[in-house]
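When we follow this note's numbering, the leftmost residue of the sequence shown carries the number 1, and every step to the right adds one.
Heads up, the beta-carbon is just placed ideally off N, CA and C, and yes, glycines get one too.
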Amino acid sequence: MRVAIGADHAGFVLKEHLKRTLQRLGHSVDDHGTTNEEPVDYPPICINVARAVAEGRADRGIVLGGSGQGEQIAANKVAGVRAALCNDLYTARLSRQHNDANVLSMGGRIVASCLADEILALWMDTPFEGGRHQRRIDQIAAAERRT
1 MRVAIGADHA GFVLKEHLKR TLQRLGHSVD DHGTTNEEPV DYPPICINVA
51 RAVAEGRADR GIVLGGSGQG EQIAANKVAG VRAALCNDLY TARLSRQHND
101 ANVLSMGGRI VASCLADEIL ALWMDTPFEG GRHQRRIDQI AAAERRT
């Protein structure tokens with residue numbers, strides 16, 4: 001899969017780690033920044049990752065920050081993006097099964113790299129269940145078109 005990834009300064013170390021994990025798992029990675037731990041605003045980075053997904057330049061996206069909350073909010077401003085904050089395995093699995101999440105958000109100050117690897121692998125491998133969940137995704141998409 002093609003994966004767009006981006007982080008602010010608080011998620012930089014985890015981003016660099018996850019880039020190696022993604023490549024080891026056979027995915028291609030498009031890094032949208034940042035390039036170091038100097039303070040930087042996360043919204044432009046997360047929006048760029050989300051646009052790459054929404055426009056089909058990436059199959060999935062990953063946004064990282066201190067908690068992952070602001071990053072998720074910023075990514076979700078892009079129509080067609082369903083960003084999920086997943087700092088544990090349970091929410092990672094459900095975000096894919098029920099919500100067809102296409103952007104993963106995590107907190108670099110919350111999730112250790114070994115757990116982040118598990119979350120990432122589970123999130124990448126879990127399929128969307130469709131069925132009754134598709135109806136809800138369609139309702140979200142309809143609301144995006146109205147706004």
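Across the set 37, 74, 93, 21, the C-alpha of 74 shows the shortest separation from the C-alpha of residue 63. For residue 117, the enclosing alpha helix (DSSP H) begins and ends at 113-125. With a contact defined as Cβ atoms closer than 8 Å, residue 95 and residue 72 miss out at about 10 Å. For residue 105, DSSP records a beta bridge to 63, 85. Cα atoms of residue 48 and residue 82: separation of roughly 14 Å, rounded to the nearest angstrom.
The beta-carbon separation of residue 108 and residue 7, rounded to 7 Å, stays under the 8 Å limit for a contact. Counting other Cβ atoms within 10 Å of its Cβ, residue 76 reaches 16 or more and is therefore classed as buried. Under DSSP, the beta-bridge partners assigned to residue 5 are 31, 62. A contact is defined here as three or more CB-CB pairs under 8 Å, and the stretch 109-128 meets this definition with respect to the stretch 8-21. Remark: C-beta atoms of residue 32 and residue 4 approach each other more closely than 7 Å. Excluding its 5 nearest sequence neighbours in each direction, residue 9 has C-beta neighbours in its own chain below 8 Å: 34, 36, 37, 38, 39, 40, listed in chain order. The beta carbons of residue 65 and residue 42 sit about 5 Å from each other, so the pair counts as a contact at 8 Å.
DSSP places residue 24 inside the alpha helix (DSSP H), whose first and last residues are 12-24. When the Cα atoms are used, residue 134 and residue 115 turn out to be separated by approximately 29 Å. In the three-state DSSP reduction, residue 36 falls in the coil class, being neither helix nor strand.
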